[in-house]
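Numbering (this note's numbering), first residue to last: 875 to 1107.
In this text, a Cβ means the ideal position worked out from N, Cα and C, and glycines have one as well.
It should be emphasised that the depicted structure is a prediction, and the values quoted were computed from it without experimental measurement.
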């Protein structure tokens, strides 16, 4: 979990991770040197939570950006699998258990769950649901597109085999705001097998005025959008 000036949201995010039903988890908190009280809040939580001893806070020394924090997590992870979540989001209590069961059952390189996008501006949410499906071969993305299946390109809400990422030297771009597309492109080049699950495991919060902010269309705007798409077709 990367931490940079998220004092308003970090308690919700960290507690959702600490309260997972899956028992054997190491928590990596990457301090990317923000200027607010995020780390103080984290320190207080882990001092009083039963799983606090399993949290490692890694100090980046200087701000290096989101991509660099994820590269640090890949390098420092001691477990067999790694899961990325942002520090202003939230995961369902059975998130890791659900994804772990899927990756273990099918022996795949990584697994992705469905998610719900929550708009703090409109107080609405939209679910983005994957199909329960396994993709084989090195053309998993093409396979998913041809079948009309939704596979998110986001780095978060996927459980990866650590050795898969390390062996293929898959990394994020440091100091880059939107590293998800490049990371996804790298994993799809070398993926032999992956799986998607329809269960929602992640709440993705769209924070107003942030770089991830988006607009939930009203029914009227949806109609206008559909008309534009018909014209394009």
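How many whole angstroms separate the CB atoms of residue i and residue j, which I take to be in contact at a CB cut-off of 8 Å?
| i | j | result |
| --- | --- | --- |
| residue 967 | residue 1074 | Contact flag wrong, Cβ pair sits at about 12 Å. |
| residue 919 | residue 889 | 7 Å |
| residue 941 | residue 1043 | That pair is no contact at about 14 Å. |
Would you say residue i and residue j are within 9 Å of each other, going by their C-beta atoms?
| i | j | result |
| --- | --- | --- |
| residue 1070 | residue 1006 | yes |
| residue 1067 | residue 973 | no |
| residue 1077 | residue 988 | no |
| residue 1056 | residue 958 | no |
| residue 935 | residue 980 | no |
| residue 1079 | residue 956 | no |
Expressed to the nearest angstrom, what Euclidean distance is found between the alpha-carbon atoms of residue i and residue j?
| i | j | result |
| --- | --- | --- |
| residue 1045 | residue 953 | 18 Å |
| residue 970 | residue 909 | 31 Å |
| residue 961 | residue 876 | 6 Å |
| residue 1026 | residue 991 | 12 Å |
| residue 985 | residue 976 | 7 Å |
| residue 914 | residue 891 | 17 Å |
| residue 917 | residue 904 | 13 Å |
| residue 886 | residue 939 | 22 Å |
| residue 1009 | residue 911 | 43 Å |
| residue 994 | residue 1003 | 20 Å |
| residue 879 | residue 937 | 11 Å |
| residue 1063 | residue 922 | 43 Å |
| residue 1155 | residue 1022 | Because the chain in this structure spans residues 875 to 1107, residue 1155 falls outside the shown range and cannot be described. |
| residue 1041 | residue 1059 | 16 Å |
| residue 883 | residue 964 | 9 Å |
| residue 947 | residue 1048 | 13 Å |
Answer with buried or exposed for residue i, where buried requires no fewer than 16 other C-beta atoms within 10 angstroms of its C-beta.
| i | result |
| --- | --- |
| residue 945 | buried |
| residue 895 | exposed |
Checklist entry - Can we say the segment 897-907 touches the segment 926-943, given the rule of at least three CB pairs closer than 8 Å? => result yes
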